[in-house]
Amino acid sequence: MHSRSLRNGTSLVPTLLTTAIVSSCVLCWLNRLNTIVLRPYLDEVFHVRQAQTYWKHQWREWDPKITTPPGLYLVSYLIGALGFLIFRQPKELSASYLRFMNGVVLFSALPILLRRLLSNIWKTPDSLEHERVVSAEKEPGWELHLTVLNISLFPPLFFFSGLYYTDLAAVLIVLEVYRRDLERTSMSDALKDPHSVNHFWNTLFSRQTVLLILFGLVSLLFRQTNIFWTAIFLGGLRVVKTTHSLCVECRSSDIATIARSSWRLRQVYDPPVNMACFEGTVHIASYSTPALHTQPADARDTDYLKACLSIGIMAVANIHIMLIALLPYLVLLGAFGLFVLWNGSVVLGQ
3 MHSRSLRNGT
13 SLVPTLLTTA
23 IVSSCVLCWL
33 NRLNTIVLRP
43 YLDEVFHVRQ
53 AQTYWKHQWR
63 EWDPKITTPP
73 GLYLVSYLIG
83 ALGFLIFRQP
93 KELSASYLRF
103 MNGVVLFSAL
113 PILLRRLLSN
123 IWKTPDSLEH
133 ERVVSAEKEP
143 GWELHLTVLN
153 ISLFPPLFFF
163 SGLYYTDLAA
173 VLIVLEVYRR
183 DLERTSMSDA
193 LKDPHSVNHF
203 WNTLFSRQTV
213 LLILFGLVSL
223 LFRQTNIFWT
233 AIFLGGLRVV
243 KTTHSLCVEC
253 RSSDIATIAR
263 SSWRLRQVYD
273 PPVNMACFEG
283 TVHIASYSTP
293 ALHTQPADAR
303 DTDYLKACLS
313 IGIMAVANIH
323 IMLIALLPYL
333 VLLGAFGLFV
343 LWNGSVVLGQ
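Read left to right, the sequence shown gives residues 3 to 352 (our numbering).
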């Protein structure tokens, strides 16, 4: 109990410090911006006007020059309505208030979300940071919080935090979808055990999977391009994870042998990034053991080409399992496809 309290106290210091730095930076930036740029800037003209239209409950009015969905304006309405219930303010949504809402309220949520996301990533067994940073007895501490600070102050992200643009809200919801995906219950045991039908269906329609789909659908309300991150990118990661859960390591470095082994023997060739290379010399034998040796490699037969080939063949050879594992992402793709059919194109307006 004492050691846990000590770790929590130690972790509290970098949390408070990094949060204070981020908050101070964004407040200074907002103050500077609102002093110099008094009127809506560039696309803010359309975004501010549409948010004000929704604030007046004119839900059917839409500016045809806006090409992105109304997620940002709906969030602004909810935050504004909550503020009005508590403080009786604001009575109207000005550009400065909307910037404040975007910069302070949403940007303050970014470090919190990043800390939770990075903690999940670093706890993943195949993460490069797993052994170095996180263990059962060790908190990530300063490294985690400084990484959060570094990402939060990433220039394009920080710059647009002071403007009423869709960038920040879109990033937040995509990060939340990614975090939900990491928290999904692994389906590897159910997929490999033909007798665990009940466990399989319980896993497939688990709370984590349902939340992933719901947050994925919400992400499409902010930016159409979010479909790439929530369905294609995360779906690709799921293919790789499912492949590794079904396979054993392929020890050969010959590309023909890799192809045959991936198809017939459920072997996958996928060396860690820090051991893979594009050309020149390739690590062969068992890349999961320290006893590695190298041999010259043809530039056409790089580790990356071999890994893509091996995973692709494995996915095709086990297509029924892959389709089941990819069901949440296929739901998101289907929903986006229905939107495109209904709208007539990917973008809204003109």
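Yeah, the Cβ is synthetic: ideal placement off N, Cα and C, and Gly gets one too.
Note that the structure is a prediction, hence the values are computed from the model and not measured.
Could you check where the alpha helix (DSSP H) with residue i kicks off and where it finishes?
i	result
F109	109-124
F224	Note, F224: premise wrong, no alpha helix (DSSP H); not H, not E.
T232	No alpha helix (DSSP H) holds T232; DSSP gives it neither H nor E.
H322	321-327
L44	Neither: L44 is in no alpha helix (DSSP H) and is coded neither H nor E.
Y75	73-89
Can you tell me which of the three DSSP states residue i falls into?
i	result
E94	coil
P157	helix
V270	strand
H295	Here the model assigns H295 a pLDDT of 41, short of 50, so the residue's position is not dependable, and the following value carries that caveat. Residue state, collapsed to three classes: strand.
E63	coil
V348	coil
E185	coil
V373	No answer is possible for residue 373: it lies beyond the span of the chain, which begins at 3 and ends at 352.
A337	helix
L332	helix
Let me make sure I understand the geometry here. Which of the options has the alpha-carbon closest to that of residue i?
i	options	result
T245	S255, F230, W265, S254	W265
L350	D45, W61, S25, T70	T70
F207	L328, T17, L74, R41	L328
F109	E145, P330, L146, L151	L151
A111	L170, V220, L325	L170
M316	C249, W124, P273, W31	C249
R268	G314, V220, Y306	G314
H322	S26, I123, V241, N104	V241
F48	L165, T211, K93	L165
A309	L335, D272, L340	D272
E94	L40, V106, V50, I68	V50
L116	L44, Q60, I153, L325	I153
Y306	I260, L343, V106, I81	I260
E17	A319, T168, W144, L334	First, the residue type needs correcting, since residue 17 is Thr and not Glu in the sequence shown. The residue with the shortest Cα to Cα distance from T17 is W144.
R186	Y167, T211, A172	T211
F160	I23, N345, L334, T304	I23
L372	E46, D65, G336	Because the chain spans 3 through 352 in this model, residue 372 falls outside it and cannot be assessed.
Y79	F162, W61, F156	W61
V230	V28, L14, A172	Here the sequence assigns Phe to residue 230, which means Val is not the residue at that position. Among V28, L14, A172, the Cα nearest to that of F230 belongs to A172.
Less than 7 Å between the CB of residue i and some heavy atom of the ligand SAH, yes or no?
i	result
R101	This structure simply doesn't include the ligand SAH, nor any ligand for that matter.
Is the number of C-beta pairs between the region 25-45 and the region 56-65 that are closer than 8 Å three or more? no
Counting pairs of beta carbons, one from the region 167-184 and one from the region 214-229, are three or more of them closer than 8 Å? yes
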